[in-house]
Structure formats: C-alpha cells, structure tokens
Amino acid sequence: MIAIGCDHAALGLKKEIMAHLDERGEKYQDFGTYTEESCDYPDYAKKVCHAILDGQCDKGILICGTGIGISIAANRFKGIRAALCGDCFSAKATREHNDANILALGARVVGPGLACQILDTFLDTPFSEGPRHKQRIAKIDEGV
Ligand code: RB5
Numbered sequence: 016m017i018a019i020g021c022d023h024a025a026l027g028l029k030k031e032i033m034a035h036l037d038e039r040g041e042k043y044q045d046f047g048t049y050t051e052e053s054c055d056y057p058d059y060a061k062k063v064c065h066a067i068l069d070g071q072c073d074k075g076i077l078i079c080g081t082g083i084g085i086s087i088a089a090n091r092f093k094g095i096r097a098a099l100c101g102d103c104f105s106a107k108a109t110r111e112h113n114d115a116n117i118l119a120l121g122a123r124v125v126g127p128g129l130a131c132q133i134l135d136t137f138l139d140t141p142f143s144e145g146p147r148h149k150q151r152i153a154k155i156d157e158g159v
C-alpha cells in the first residue's frame, strides 16, 4: 500500500499520479489535501509518515510546489527516508543506495510525464541490500 499526500500547490499533479497508480494497478491511500484551499505541507507529510511508521503503508509519495518543504518535514521523522527527485537517475539511486521509503516531487518543477517516469523508476527499483548501504542507513537512524 502506498501513502500519498500533497499541499494545495500540488493537487493537480497528485491527481495525475493517482491516475497513473490506477493504471499500474497499485493500491494507495490518499491522505489529502483534497481541495485547493491553502494549507500547510507539514500536516500532510506527518500523515503520510505516520502511515508508513505504523506499518499501514510501505512507501509514500509527497508532493508540494517545490517538493522541498514537504521532504524536509518528512525527514524529521526517524525511520523516514524521503528523497526529492527531479530525474530518473536519482530515483533509481535513492532506492538502491538509500532505501528511500518516500518519493518527494515538486509540482511546480516537474511535469506530469516526467513525474510518472520518476515514480515508475522509484517503485520498480529494489534496495541493493549491500552491507555498506545498510551500514550508512543505520548511521542515519543513529542521529546526532
Ligand atoms: C506553497 O506555496 C509552497 O510554499 C509549498 O508548496 C512548497 O513549495 C514548500 O516548500
């Protein structure tokens, strides 16, 4: 199950992404926002992060205008590895090396076609499981 959330700036792209997930036959849960009324992206980052950390969902997609604010907010949650990607190379690398569990996208940065290709790459790339990558991820969770 994939958790998806966005702010008002990204409602249009979220709808395109959900249509793409439907085409792929993926199960997902939409945590809002549901209207174009101005809202705060950390609220939606929090809902999606909790869904992953509770085990309700195994991956997440978060979208705001730039993807920056919502990824910063998500990465405050221990166990969340949110990767802001604007290209497929990064989406592949962040799954292989970082075992990223959230893909962040900027609706004012990428168009729907590229966003869907980035998403496909993110969903279709497994974690490499290499010991050096596991060690580095464990160090992230150690904190400071
Ligand atoms: C909303 O105007 C905008 O600030 C937000 O979507 C995002 O880009 C923040 O990082």
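Position 130 of the sequence shown, counting from 1, maps to 145 under this note's numbering, and the rest follow consecutively.
All residues carry an ideal CB built from backbone N, CA and C; glycine is no exception.
Only a predicted model underlies this, so the values are computations on that prediction, with no experimental measurement involved.
Asked	Found
Residue range of the beta strand (DSSP E) that includes Cys79	Lys74 to Cys79
Extent of the continuous alpha helix (DSSP H) run through Ile95	First-last for Ile95: undefined, no H or E at that position.
Around the ligand SAM, Cβ to any heavy atom closer than 5 Å, ordered along the chain	The ligand SAM is not part of this structure, which contains only the ligand RB5.
Helix, strand or coil at Gln44 according to DSSP, with G and I counted as helix	strand
Three-state secondary structure (DSSP) of Gly128	helix
Secondary structure of Ala115, DSSP reduced to three states	coil
Distance between Phe46 and Asn116 (C-alpha atoms, nearest Å)	16 Å
Neighbourhood of Val63 by C-beta, 6 Å cutoff - its chain only, sequence neighbours within 5 removed	Ala18, Gly20, Phe46, Gly75 and Leu77
Separation of Lys149 from Thr140, as counted between CA atoms	16 Å
Spatially closest choice to Ile67 from Gln132, Leu118 and Gly158, by CA coordinates	Leu118
8 Å Cβ cutoff met for Gly121 and Thr81	yes
Residue range of the beta strand (DSSP E) that includes Ala18	Ile17 to Cys21
Between the CA atoms of Glu41 and Arg123 - distance to the nearest angstrom	25 Å
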